[in-house]
Amino acid sequence: MSNAAAHQTSFQDRIQQIAPYAILVLFALWTLVPIVWMLISSLKIRTSMFTMPPDLIFDPTLRYYQELLFGANPLTKYLMNSAIVSVSSAVIAVSLGTLGGYGLSRIEMSGKKHLAFWIISTRMAPIAVVIVPLFFIYNFLGLLNTYLGLIIAYTTFNLPFAIWLMRSFFDEIPEELEEAAQIDGATRWQAFYKVALPLVLPGMGATAIISIVFAWNDFLFALIFTNSETQTIPVAAAQLVTQTGTLWGQVMAIGVVILLPMVLFGMIVKNYLVSGLTMGAMKQ
0 MSNAAAHQTS FQDRIQQIAP YAILVLFALW TLVPIVWMLI SSLKIRTSMF TMPPDLIFDP
60 TLRYYQELLF GANPLTKYLM NSAIVSVSSA VIAVSLGTLG GYGLSRIEMS GKKHLAFWII
120 STRMAPIAVV IVPLFFIYNF LGLLNTYLGL IIAYTTFNLP FAIWLMRSFF DEIPEELEEA
180 AQIDGATRWQ AFYKVALPLV LPGMGATAII SIVFAWNDFL FALIFTNSET QTIPVAAAQL
240 VTQTGTLWGQ VMAIGVVILL PMVLFGMIVK NYLVSGLTMG AMKQ
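Each residue of the sequence shown is one higher than the one before, starting from 0 at the first, in numbering that gives the first Met the number 0.
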């Protein structure tokens, strides 16, 4: 091999080694720069928020956070509403999704693949398509402006996804483990509860995280189905865009408030998320 060919091969090898890291760096910048900009802006006064070039050295202020958390209409109520409905819907979706996913994975029946596709296809429906019929149903049943109505709406969209994910997690577990437990005298329910269920706990954690994030970030359901007593944090953020203008300082601050709980929650349960999604990504 000539020196030129060897040099070209070495250059291509270096490019191949560097390219994945370069892509990761670009993705990190694409993700983190807006978040950092939002955090910095929430600590600036309004006059210095839009200066160009931006002020990187400034006297930080917590004025906007104080107004949001301790003002005339504090955010604590909205945060509590979001926590109640998102966690409740996630618990219901994961509980029912675990049972449904186990049934789809273990029970042999004709048309099982078609049934599984039909279940996940219901998740593909845009929220705008179902919002009007749901509104009339809720109005008839008296579920408007209640936690229960919002929890049902979120569970309706989370449950198909939970069933689909949990099915893939149970598919990773050999059925022989449960059969061995049944040979030793366990019932089908005991084999599920004591053998299969502990093995899919990481998958349940990952499913719960995704369900909570969807409910926490939802805006349209919370806007249509709630009033001032049951509104969630995304609806509170929308109220900062008024007829007289946008309260940019409060908007930046509430963006941080909305993001921070999910970041902390993700850091706490990151091991469940990584192991759960990795578990579901493999096929026997």
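Glycine is no exception: its CB is placed at the ideal position from the N, C-alpha and C atoms.
Of all alpha-carbon atoms in L133, A235, V250 and T50, the one lying nearest the alpha-carbon of M79 is that of A235.
For M51 and A195, the gap between their C-alpha atoms comes out near 58 angstroms. Your pair F220 and L142 does not check out as a contact, with CB atoms roughly 12 angstroms apart and the cut at 8 angstroms.
Annotation: D217 is outside any alpha helix (DSSP H) and is labelled neither H nor E by DSSP. Boundaries of the alpha helix (DSSP H) around V256: W247 to I267. One Cα belongs to E228, the other to H113, and the distance between them is close to 42 angstroms. At the C-beta level, I232 and I257 come within 9 angstroms of one another. Rounded to whole angstroms, the Cβ separation of G100 and R187 is 16 angstroms, and the two are not in contact under 8 angstroms. When the beta-carbon positions are compared, T206 and G96 come within less than 9 angstroms of each other. In the three-state reduction of the DSSP assignment, G96 falls in the helix class.
Here S40 is buried, its C-beta having at least 16 other C-beta atoms within 10 Å. Distance from L42 to I253 at the Cβ level is roughly 14 angstroms; contact not present, criterion being Cβ atoms closer than 8 angstroms. Where R166 is concerned, the enclosing alpha helix (DSSP H) starts and stops at Y146 to D170. Assigned with DSSP and collapsed to three states, T243 falls in coil, not helix or strand. Fully contained in the stretch 35–61 are the following alpha helix (DSSP H) runs of length 4 or more, in chain order: 45–48.
Pairing L198 with L176 gives a Cβ-Cβ distance under 9 angstroms.
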